[in-house]
Each structure stands twice: as C-alpha cells, then as structure tokens.
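Below you'll find the structure, written out as structure tokens, and then a few comments.
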Amino acid sequence: MFPFAESLSFTFTGIPADILWGVFGLFAFLAILWSIILLYHWNKYRLHNPATNKAQIIYILGTTLLLLSALGTLYLYTSV
Amino acid sequence: MIQLAADENLIAVFRKHNFYFAVKIFSLIILALLPLFLYPVLLTVNAIAVSGINYLLLFFYVIFITLLWITGFVFWTNYYLDIWILTDKSLIDVDQIGLFSREVASLRLDKIQDIKVETIGILDTMLHIGTVHVQTAGNEKEFVIPQVDSPDQVKDLIQSACNNLRAAGN
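So the protein lines, in turn, are chains V and F. Numbering follows our numbering, in which position 20 of the first sequence is assigned residue number 916; successive positions increment by one, without gaps. Numbering follows our numbering, in which position 91 of the second sequence is assigned residue number 170; successive positions increment by one, without gaps.
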C-alpha cells in the first residue's frame, strides 16, 4: 500500500529515556512560560474583555490535561 | 489598561468579526488531524523495532497538540484584545499587534469629518463584514476598523455619538 515505506534502510530502535525526559522538561517549561505570558495579558487588559475569565479556566484546564497526558504516555513508554 | 476619564461614558466596544478567527482555528484543527492520517503509513514501516512505539508516538502527538492548543490561545488573545472603544467623547483604537506589541491611539469625536464603510468580496458581503474608515479634519492618522461585524451599525453608532457631542457643545 505504501511502497516507499519499505525502501527505508535504517532501523529505528528508539530514543533514550533521558533525552525524552529532557524534551518533556524543556517543553513543559516553555509551555508554563507561555501560559504566564498569556495569563498576564488577559489579566492586564481585561477591561472591556469579560470573556478572559472563562478563557483562563478553559486554558489552564486544557493545558494541565495535555501536559499530564504527555507525562503519562512518556512514563508508560519508558517503563515498558 | 485603558482608563476612561471620569466624565467619559462607554458607548460600545467593537472587534473584528469572529469569522477570520474561526478560519485560523480551523487551520489548527486540520493540522491536529494530519498526524492521524500519517499513523497508518508509519505502521507499514518494518524498520521500526521499538517496544511501546505507540506510547512514544502518542507522546509526540500530545506535545504537538499542546503546541497547537497554546497557538490557538495566542490567536484568540490577538483577536480578542484587538478592540475599538467608542465613548461619548472619543474613539480609542487598541491595536494588539502581537503578545508583546500593543498600540493605543485615541481620536476625539469632534475631530471626525467623514466615516466611510467598505465591503469587498462575496464572503464579507454575505457575513456582513466590512471596514470602517474614520477620517479626521487635520493631518492625523486615519482610523481604520477592519473586518468588523455589521459595519453599517458601527458607522451609525460613531456618527450618532459625534452628533450628540456636537449638539451638546452648541
């Protein structure tokens, strides 16, 4: 069905767990940094923008859930 | 933060039509779905010999989705904080250019000489989206409210506020 896939000549044997935890740590740090920047904007310029309160709740819940999911899948991968 | 004068009353807040914001969010959703179509291709690759590969792929997918999620909120911030405030004395343009770039300009209503509405294209016509140009008497910068919802109503509101101010001044 996908003939080009068979032409790959290398064998992927995985990524070391340390590197993956490092990637996750760096990404989580950047995500938290961006979140602080966004929350700062929503709180500083909230005048005439009442939906920012609702956005904060949705954003914090969603980001936490996604970061926890990433953490969970990484834990499962490294513990297999 | 925009602080109005004590004797200044808020009449309306305008922002761009949410259609253009929705288009950006739709493109993010398409991007989020793309890896799901690539997944069957990856399964055909015999060169992958990793136990728990699905967890690894899921990990990168969740990271990717988190990136799109944050990008979506950056789009929303730029859309939602980009506003025009009409008061009984002035028109204030809060231009949210980016997260660290913001410009606030104010125009006194008594300086307004002409208000023009421009609607271009089928989509804008069908969705009642247009650009309102507010021209002043002097050499001051022209105020432009682009891609606004119901531009005729916006024009009427500004015109009415101008008329009220002039009537109160006479």
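Quick reminder that beta carbons are idealized off the backbone N, C-alpha and C, glycines included.
Margin query: Quick check on DSSP: helix, strand or coil for F:R245?
Written below: Walking along the second sequence from the start, residue 245 of chain F turns up at place 166. Helix.
Notebook entry, point to check: For F:P114, which three-state DSSP category applies?
Noted result: Taking the second sequence and counting its residues from 1, one reaches residue 114 of chain F at position 35. Looking at F:P114 - three-state DSSP - the assignment turns out to be helix.
Check: Thinking C-beta only, is F:W155 closer than 8 Å to V:A927?
Finding: Residue mapping note: residue 927 of chain V aligns to position 31 of the first sequence, counting from 1. Residue mapping note: residue 155 of chain F aligns to position 76 of the second sequence, counting from 1. No, these two residues do not count as a Cβ contact at 8 Å.
Checklist line | Residues of its chain near V:L970, where Cβ-Cβ distance is below 8 Å and the 5 sequence neighbours each way are ignored | finding: Position 74 of the first sequence, counted from the start, is the residue given in the question as residue 970 of chain V. Cβ neighbours of V:L970 beyond the five flanking positions: L916, W917, F920.
Check: Going by DSSP, what residues sit across from F:H207 in a beta bridge?
Finding: For this step, residue 207 of chain F is matched to residue 128 along the second sequence. BP columns for F:H207 are empty, so no partner.
Checklist line | Same chain, Cβ closer than 8 Å to F:N243, neighbours up to 5 away in sequence not counted | finding: Along the second sequence, one-based indexing puts residue 243 of chain F at 164. Same-chain partners within the cutoff: D167.
Note to self: Counting only Cβ-Cβ distances shorter than 8 Å, please list the residues of the region 151 to 166 of chain F near chain V, keeping chain order.
What the structure shows: F152, V153, W155, T156, Y159, L160, I162, I164
Check: Buried or exposed: where does F:S106 fall if 16 or more other Cβ atoms within 10 Å of its Cβ makes it buried?
Finding: Start at 1 with the first residue of the second sequence, and residue 106 of chain F comes out as number 27. Under this definition F:S106 is an exposed residue.
Note to self: Using a Cβ-Cβ distance cut-off of 8 Å, determine whether F:F138 contacts chain V.
What the structure shows: As a first step, residue 138 of chain F must be located in the second sequence, where it is residue number 59. F:F138 counts as touching chain V.
Check: Of all the options F:K190, F:G209, F:A246, F:D193, which has the alpha carbon lying nearest to the alpha carbon of F:I199?
Finding: Looking up residue 199 of chain F in the second sequence gives position 120. Taking only the C-alpha atoms, the option nearest F:I199 is F:G209.
Margin query: Using beta carbons (cut-off 8 Å, strictly below), is V:W917 in contact with chain F?
Written below: What you label residue 917 of chain V is simply residue 21 of the first sequence in a count that begins at 1. No, V:W917 does not count as interfacial toward chain F.
Next item on the list: Can you say whether F:D174 is buried or exposed, counting buried as having 16 or more other CB atoms within 10 angstroms of its CB?
Entry: Numbered from its first residue, the second sequence carries residue 174 of chain F at position 95. Answer is exposed; the Cβ neighbour count stays below 16.
Margin query: At the 8 Å Cβ level, is F:Y99 part of the contact set with chain V, yes or no?
Written below: Locating residue 99 of chain F in the second sequence gives position 20, where the first residue counts as 1. No, its Cβ sits nowhere closer than 8 Å to a Cβ of chain V.
Next item on the list: Compare the C-beta of V:L934 with all C-beta atoms of chain F and state if any pair is closer than 8 Å.
Entry: Walking along the first sequence from the start, residue 934 of chain V turns up at place 38. At least one chain F Cβ lies under 8 Å of V:L934.
Item checked: Beta bridge counterpart(s) of F:A85 as assigned by DSSP -> Locating residue 85 of chain F in the second sequence gives position 6, where the first residue counts as 1. Looking at the DSSP assignment, F:A85 forms no beta bridge with any residue, so it has no partner.
Item checked: Neighbouring residues, chain V, relative to F:G131 (Cβ below 9 Å) -> As a first step, residue 131 of chain F is located in the second sequence; it is residue number 52 there, counting from the start. What F:G131 touches in chain V: G910, L972, Y973, T974, S975, V976.
Next item on the list: Please state whether DSSP places V:A927 in a helix, a strand or coil.
Entry: Your numbering for residue 927 of chain V matches position 31 in the first sequence. Helix.
Next item on the list: Report the neighbours of V:M969 on chain F: residues whose CB is nearer than 7 Å to its CB, in chain order.
Entry: Along the first sequence, one-based indexing puts residue 969 of chain V at 73. What sits at residue 969 of chain V in the sequence shown is Thr, not Met. Chain F residues near V:T969: Y134, L137, F138, V141.
Notebook entry, point to check: If we ignore side chains and look at the alpha-carbon of each, how far apart do F:S239 and F:A101 end up?
Noted result: The count along the second sequence starts at 1 and reaches residue 239 of chain F at position 160. The count along the second sequence starts at 1 and reaches residue 101 of chain F at position 22. Each residue's alpha carbon lies about 31 Å from the other.
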